[in-house]
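Chemist:
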Amino acid sequence: MFAQKGVELVQELERARDFLPPFNEDGVRQVLEEMRALFEENQRDASSAVAGESEYITSVHIRHCALERNKRCLMAYLYNRLERIKEHRWHFGSVLPSDIKANICEPEAQFFIKYSKSLAAYMKSIGEGSYSLDLTQNLKPPKNLYIQVKCTTEFGEFETEDGDIVVLKKNSLHLLPRVQCELLIAQGILEHVS
Amino acid sequence: MASYSGNLTQLSDLFGTADTISETEDAEFLSASEAVKKLEESWLNEMLAPELLSPQTELVDCLLEQTKNMEENLMAISKSDFRFALHRMEVERIRYVVTSYLRIRLEKIEKFLGYLLNNENKRQRNEPSLLTEDELKFAQELNSNTETHLKTLGLRHMPTNMREINTQKFITTPNRDSYVFVCVKDDAPSVLVSDGTSEGEIEVELLKNSQHLLPYRSISSLLQNNTVNLL
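So the protein sequences, as listed, match chains C and G. At position 141 of the first sequence (counting the first as 1) the number is 141 in the UniProt record's numbering, and the numbers step up by one without a gap. At position 36 of the second sequence (counting the first as 1) the number is 36 in the UniProt record's numbering, and the numbers step up by one without a gap.
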């Protein structure tokens, strides 16, 4: 059955909707192998068809359709992974946690760095450069100035904008300005308690 | 939503920030509370419209200036003062609306990347653009990064006659026939609405302060010259 591996790649992404599975380098290589094999067979049959034997034309056509399907599956797989990586930039900030880093391949890491750079350049350019706005903050309308947070891991000392130094020990409760906490909450270091 | 905007404008007037003036393109003077109200309207419109609307760059710029001034004034007041908390909240609220507005625009740009870049290329010199310069740069960089990525990982290794993808086939265009709720600000006579058949159109009149559910296509031009707002 042609393009089976290609469909498997797409299914892998479909089943893992919430997280990014490791880059299936093996799968991608198999799809490309299949494409190369199909293409070579096609070339042989096409040359013989040109020479006058017309019975190979349908098989050339079938192989061509299989090639197109493989290409489409592969493009869908790669593009979808890119979309998820872009989402990660908005969710986690410009440094990826190590368990996600283990799941992306080198070109995807390069893409992430370039995307982060474009985004940073855009954020710097709003407000005529005197004031750069971090668009990944302020995700919800502000209700209170200060929020109660609980620290989930041992983080150490943290300095707020006003200059107060807060020691973040495991399971300690703090009342901190909302703006300072947003980034830490997104990274999972602090937890909002109501 | 109504109470939210009420809080903002009341605070601006109460604490004297209504004194600061901001200037728009037509040399109209807007007070701070009017500027905030206009930003909220643009924010709602952008959130609810199915396609990208014109950028309100002057509004964003002047409100950011405002928040900067307010923050500088805040340094002068001690933290435990009641006014500090209120001003701080107002700064936070304005900042939230501005960041949300810009974020929604970026989301739409990423979604309709091919379509918007095509329009940019076809645009004549004197027509206004839907993208600011920086947004355009962002969009172009994203486009080229995606293409290089797909080429390196996939297309480069494919058989020689399949190495190009026809990107034109895969762009998503905004759905201009989706329905939106509108609130009419000024009388709008003769709005064309499709009457159910593929060719026919009816002319409807929209009266001031009425609310309707209409296809986006019929009201898009009215939205641009501010006669209607989306709800």
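Beta carbons are placed, not taken as given, at the ideal position from N, Cα and C, and that holds for glycine. Every value quoted in this text rests on a predicted model; they were computed, and no experiment measured them.
So for Pro174(G), helix, strand or coil by DSSP?
Modeler: coil
Chemist: With DSSP collapsed to three states, give me the class of Gly114(G).
Modeler: helix
Chemist: Answer with yes or no whether the minimum CB distance from Met162(G) to chain C is below 8 Å.
Modeler: yes
Chemist: Using beta carbons (cut-off 8 Å, strictly below), is Met75(C) in contact with chain G?
Modeler: yes
Chemist: By how many angstroms is the C-alpha of Arg178(C) removed from the C-alpha of Gln66(G)?
Modeler: 21 Å
Chemist: Does DSSP put Asn80(C) in a helix, in a strand, or in coil?
Modeler: helix
Chemist: Determine the chain G residues that contact residue 196(C) at a beta-carbon separation under 8 Å, and present them in chain order.
Modeler: The question about residue 196(C) has no answer, for chain C in this structure spans 1 to 194.
Chemist: Any idea if Asn45(G) is buried or exposed, counting beta-carbon neighbours within 10 angstroms, 16 or more meaning buried?
Modeler: buried
Chemist: Starting from Glu164(G) and walking both ways along the alpha helix (DSSP H), at which residues does that stretch end?
Modeler: From DSSP, Glu164(G) is part of no alpha helix (DSSP H); its letter is neither H nor E.
Chemist: Can you tell me the Cα-Cα spacing of Met158(G) and Leu207(G), whole angstroms?
Modeler: 60 Å
Chemist: Given that a residue counts as buried once 16 or more other Cβ atoms are within 10 Å of its Cβ, and exposed if not, what is Arg123(G)?
Modeler: By the neighbour-count rule (16 or more Cβ atoms within 10 Å), Arg123(G) is not buried but exposed.
Chemist: Are the C-beta of Gly154(G) and some C-beta of chain C separated by less than 8 Å?
Modeler: yes
Chemist: Output needed in chain order: residues of the region 63-86 of chain G with a Cβ under 9 Å from some Cβ in chain C.
Modeler: Listed by position, the residues of the region 63-86 of chain G near chain C (Cβ gap below 9 Å) are Leu64, Glu65, Thr67, Lys68, Lys79, Ala85.
Chemist: Let me know the secondary structure DSSP gives Leu175(C) once reduced to three states.
Modeler: strand
Chemist: Roughly how many whole angstroms lie between the Cα atoms of Arg105(G) and Ala121(C)?
Modeler: Rounded to the nearest angstrom, the two C-alpha atoms are 16 Å apart.
Chemist: Quick one: Cα of residue 220(C) to Cα of Leu190(C), how far?
Modeler: Residue numbering for chain C in the displayed model covers 1 to 194; residue 220(C) lies beyond these limits and cannot be assessed.
Chemist: If I'm right that Glu157(C) touches Ile165(C) with Cβ under 8 Å, what's the distance once you round it to whole angstroms?
Modeler: 5 Å
Chemist: Check the Cβ-Cβ distances between residue 230(C) and every residue of chain G, and say whether any is below 8 Å.
Modeler: Because residue 230(C) is not part of the residues shown, which for chain C are 1 to 194, the question remains open.
Chemist: Could you give the distance in angstroms between the alpha-carbon of Asn126(G) and the alpha-carbon of Ile171(G)?
Modeler: 26 Å
Chemist: Would a check of beta-carbon distances place Ser125(C) closer than 8 Å to chain G?
Modeler: yes
Chemist: Ala188(G) and Leu222(G): beta carbons closer than 8 Å?
Modeler: yes
Chemist: Have a look at Leu116(G), Arg88(G), Asn143(G) and flag the residue whose alpha-carbon is nearest the alpha-carbon of Thr132(G).
Modeler: Leu116(G)
Chemist: Classify Leu52(G) as buried or exposed, calling it buried when 16 or more other Cβ atoms lie within 10 Å of its own Cβ.
Modeler: buried
Chemist: Could you tell me whether the Cβ of Ser47(C) comes closer than 8 Å to any Cβ of chain G?
Modeler: no
Chemist: Use the C-beta contact count for Val50(C): other C-beta atoms within 10 angstroms, 16 or more gives buried, fewer gives exposed.
Modeler: Exposed.
Chemist: Are the Cβ atoms of Cys73(C) and Val28(C) separated by less than 8 Å?
Modeler: In terms of Cβ geometry, Cys73(C) and Val28(C) do not form a close pair [threshold 8 Å].
Chemist: Flag Phe138(G) as yes if its beta-carbon sits less than 8 Å from any beta-carbon of chain C, otherwise no.
Modeler: It does; some Cβ of chain C falls within 8 Å.
Chemist: Output needed for Ala27(G): all residues of its chain with C-beta closer than 6 Å, excluding positions within five of it in sequence on either side, in chain order.
Modeler: Its pLDDT being 39, under 50, Ala27(G) is placed unreliably by the model, and the measurement read from it follows with that caveat. Excluding positions up to five away in sequence, the list is empty.
Chemist: State the Cα-Cα distance for the pair Ala76(C) and Lys124(C), rounded to the nearest angstrom.
Modeler: 32 Å
Chemist: Just to make sure I have the definition right: I need the residues of chain C whose C-beta is within less than 8 Å of the C-beta of Ile94(G). Which are they?
Modeler: Residues of chain C passing the Cβ test: none, with the nearest at roughly 10 Å.
Chemist: Three or more beta-carbon pairs under 8 Å between the region 94-112 of chain G and the region 132-146 of chain G, yes or no?
Modeler: Under the 8 Å Cβ criterion, the region 94-112 of chain G counts as touching the region 132-146 of chain G, having at least three qualifying pairs.
Chemist: Do Phe23(C) and Ile104(C) have their CB atoms nearer than 8 Å?
Modeler: yes
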